[in-house]
Amino acid sequence: MKSQIKKIAREIFYFLAKNYSVEKIDVCIVYDHNEERKYISFPEMKRIKYFPFPSKISEEPIIKGKNIYIFEAKEDCRVIVRIAVKEFKKDSINLFKILTHLFYSLVIYTDFLEKSEALGYELVNVIPQDSPSEALIWAMKTSVELTGGDAGSITVYDKVRGKMTFPYFYKMPPELTRFEIEFGKGLSSEIVQSKKGYIINDYQNYPNRIDVFVKAGVKSIVGAPVVYGDNIYGAIGVFSLKEKKRFLSSDLTFVEAVGRVAGAILYKISLEKEITLEAREHIDKVFFYENLISLITSEILTPLRLILGFTSLLKEDFEAMKGESLSKYIDAIHSSASKLENNIQCLTDCIRTITIWEPVAPVDTKQLFENLSRVVEKTYPFVVVHLKDPDKFPTLPARGSHMRFVFNQIFRYLARFQDYKGKISVSNFKKKGVEGFIFEAKGKSIPKRDAELFIVRSCVDTYLGSVFWESKKGTNRIVVNIRTYE
Numbered sequence: 000m001k002s003q004i005k006k007i008a009r010e011i012f013y014f015l016a017k018n019y020s021v022e023k024i025d026v027c028i029v030y031d032h033n034e035e036r037k038y039i040s041f042p043e044m045k046r047i048k049y050f051p052f053p054s055k056i057s058e059e060p061i062i063k064g065k066n067i068y069i070f071e072a073k074e075d076c077r078v079i080v081r082i083a084v085k086e087f088k089k090d091s092i093n094l095f096k097i098l099t100h101l102f103y104s105l106v107i108y109t110d111f112l113e114k115s116e117a118l119g120y121e122l123v124n125v126i127p128q129d130s131p132s133e134a135l136i137w138a139m140k141t142s143v144e145l146t147g148g149d150a151g152s153i154t155v156y157d158k159v160r161g162k163m164t165f166p167y168f169y170k171m172p173p174e175l176t177r178f179e180i181e182f183g184k185g186l187s188s189e190i191v192q193s194k195k196g197y198i199i200n201d202y203q204n205y206p207n208r209i210d211v212f213v214k215a216g217v218k219s220i221v222g223a224p225v226v227y228g229d230n231i232y233g234a235i236g237v238f239s240l241k242e243k244k245r246f247l248s249s250d251l252t253f254v255e256a257v258g259r260v261a262g263a264i265l266y267k268i269s270l271e272k273e274i275t276l277e278a279r280e281h282i283d284k285v286f287f288y289e290n291l292i293s294l295i296t297s298e299i300l301t302p303l304r305l306i307l308g309f310t311s312l313l314k315e316d317f318e319a320m321k322g323e324s325l326s327k328y329i330d331a332i333h334s335s336a337s338k339l340e341n342n343i344q345c346l347t348d349c350i351r352t353i354t355i356w357e358p359v360a361p362v363d364t365k366q367l368f369e370n371l372s373r374v375v376e377k378t379y380p381f382v383v384v385h386l387k388d389p390d391k392f393p394t395l396p397a398r399g400s401h402m403r404f405v406f407n408q409i410f411r412y413l414a415r416f417q418d419y420k421g422k423i424s425v426s427n428f429k430k431k432g433v434e435g436f437i438f439e440a441k442g443k444s445i446p447k448r449d450a451e452l453f454i455v456r457s458c459v460d461t462y463l464g465s466v467f468w469e470s471k472k473g474t475n476r477i478v479v480n481i482r483t484y485e
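Numbering (numbering that gives the first Met the number 0), first residue to last: 0 to 485.
Right, dumping it as structure tokens:
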């Protein structure tokens, strides 16, 4: 999505450059609540430190030399656009005024996507924490940081006693921690009753305010329900304490997402057992499929277009080409076609794996690796797989198809980068909450960016744990960490 937005920005810029002699476009957004400023330069939409603009704000465009300044007031901010032109055309002003809102929208939407991506990476870390309390505090920390608040808390609804309790908090004033109120009082009760989120940007005038919150300096709140399925456990809130902040609808979106994660964690606590893998998958699947779509567009279409381009050149000028030149084109086509074949095969294997539902069951990793080793050695006769202390390999609860796909793909991948008569060694290590497997092989260095490994990583991050790889001194090393929830 971010790449598509940047593509739109580039197309608009090039249109203006061609037809209206535009050389540069800079955008500044000044937020009203704290005078924070964000400077963006087009067409690449990169952050810049600063650009000067007139101190006097005017509804009409200001023209200074070859710079045109356009101002626009929004609900919670002011937008200043500086457009540098080679030569000024009067008929361009109205168009520039119209495009000011579009530039602002592109910046805001990109910022929203970046925060969503950051939220996704943070949420991946929430559930596997050592204890539910740590996970909930991590969730609140994520909410506070992404929304620009000062503190956060999770309120739990005690149905038996008719109370709202505040057992989990992050950077809250002491007087707002670990106390109770009657159900029905305060914003958290409203959230539980309505099962929807709220933004209160003027808490001191909020009808259902709590006096102790006002005295503690609470100025604004964004709150959302803590839910899991049909169960509602309470509310999560982010507070503005130091200065008045206007929370936005995008902030509520982030807090609602974290509220669903917190609900999954409280569900785990209420049942006194480990959280189900389904809860984890529910959080990550959106990001997983988004990664796959991105890989399809970038890593499959790119080599395909190269093949089409090279074949078009060959077709146009085949007779005039010399042998050496012709050989280079054919080598390039063959290389791109091979990469395309590997990427498509990996992607189809991955999709086939994740679309077949399979219950969680014990997987004997020793037997799994022995079976995969035989397949790899048969497919790549020059490769030998060595399992170090296989009798110590654990039996893990998992979906076997996901594990088979990941490990088989790693074997195949390392085999393709092997030296002749190479060896792939596999070893196991343990640490708290994780069973790790290390794959090592001598050979050509693994590319820093490769579609196959990114597909594998997406599958591991979603269903198993985490994976990383490195190449040093001719040795390729891939490490897979599998969550055990011990």
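Positions of the beta carbon are idealized from the N, C-alpha and C atoms, including for glycine.
- Membership of L395 in any alpha helix (DSSP H) is not indicated; the residue belongs instead to the beta strand (DSSP E) covering 394-397.
- Relative to R46, the option among D449, S54, K37 whose CA is nearest is K37.
- When rounded, the separation of the alpha-carbon atoms in E144 and G421 is 48 Å.
- Under the three-state reduction of DSSP output, P173 falls in the helix class.
- With fewer than three CB-CB distances shorter than 8 Å, the stretch 200-211 does not count as touching the stretch 222-234.
- Contact check between the stretch 403-414 and the stretch 356-376: three or more CB pairs, one atom from each, fall below 8 Å, which counts as touching.
- In terms of Cβ geometry, F410 and G442 do not form a close pair [threshold 9 Å].
- Contact annotation: I481 and L452 have beta-carbon atoms that are not nearer than 9 Å.
- Taken through DSSP and simplified to helix, strand or coil, S142 comes out as helix.
- Between W468 and I445, the C-beta gap is smaller than 9 Å, which places the two residues in contact.
- Within the stretch 5-54, complete beta strand (DSSP E) segments of at least 3 residues are found at 21-30, 36-41, given in chain order.
- Here D157 is bridged, per DSSP, to K162.
- Three or more Cβ pairs drawn from the stretch 39-55 and the stretch 3-21 lie within less than 8 Å of each other, which places the two stretches in contact.
- Spanning the alpha carbons of V459 and E22 requires a straight line of approximately 45 Å.
- The continuous beta strand (DSSP E) containing E181 extends over residues 179-181.
- The beta carbon of I79 sits closer than 6 Å to the beta carbons of C27, F52, F70 from its chain, once the five residues preceding and following it are set aside; these are given in chain order.
- Per DSSP, S372 lies in no beta strand (DSSP E); the unbroken alpha helix (DSSP H) holding it starts and ends at 364-378.
- Burial check for F102: the Cβ neighbour count within 10 Å reaches 16 or more, so the residue is buried.
- Spanning the alpha carbons of V237 and V29 requires a straight line of approximately 22 Å.
- The straight-line gap separating the alpha-carbon atoms of R259 and K391 is approximately 38 Å.
- Per DSSP, reduced to three states, the secondary structure at T474 is strand.
- Per the C-alpha coordinates, the member of A215, A234, V217 positioned closest to A223 is A234.
- For L186, the enclosing alpha helix (DSSP H) stretches over residues 185-193.
- The beta carbons of I220 and Y232 sit no closer together than 9 Å.
- K170 sits away from A138, with the two beta carbons spaced by 9 Å or more.
- With a 10 Å radius around the Cβ and a threshold of 16 neighbouring Cβ atoms, Q366 comes out exposed.
- Here G216 is not bridged, per DSSP, to any residue.
- The criterion of a C-beta distance shorter than 9 Å is satisfied by R476 and E439.
- A414 and V257 have their C-alpha atoms some 41 Å from each other.
- Taking C-alpha positions only, F246 is separated from Y49 by approximately 25 Å.
- Residue pairing by DSSP places W468 opposite I477 in a beta bridge.
- Cα atoms of F436 and E255: separation of roughly 36 Å, rounded to the nearest angstrom.
- Within the same chain, V29 come within 6 Å of R77 by CB-CB distance, once the 5 residues on both sides are set aside.
- For N230, the enclosing beta strand (DSSP E) covers residues 230-239.
- The C-beta of Q408 has 16 or more other C-beta atoms within 10 Å across all chains shown, which makes the residue buried.
- Only residues of its own chain outside the window of five on either side were considered, and among them S20, K65 have a CB closer than 8 Å to the CB of E86, listed in chain order.
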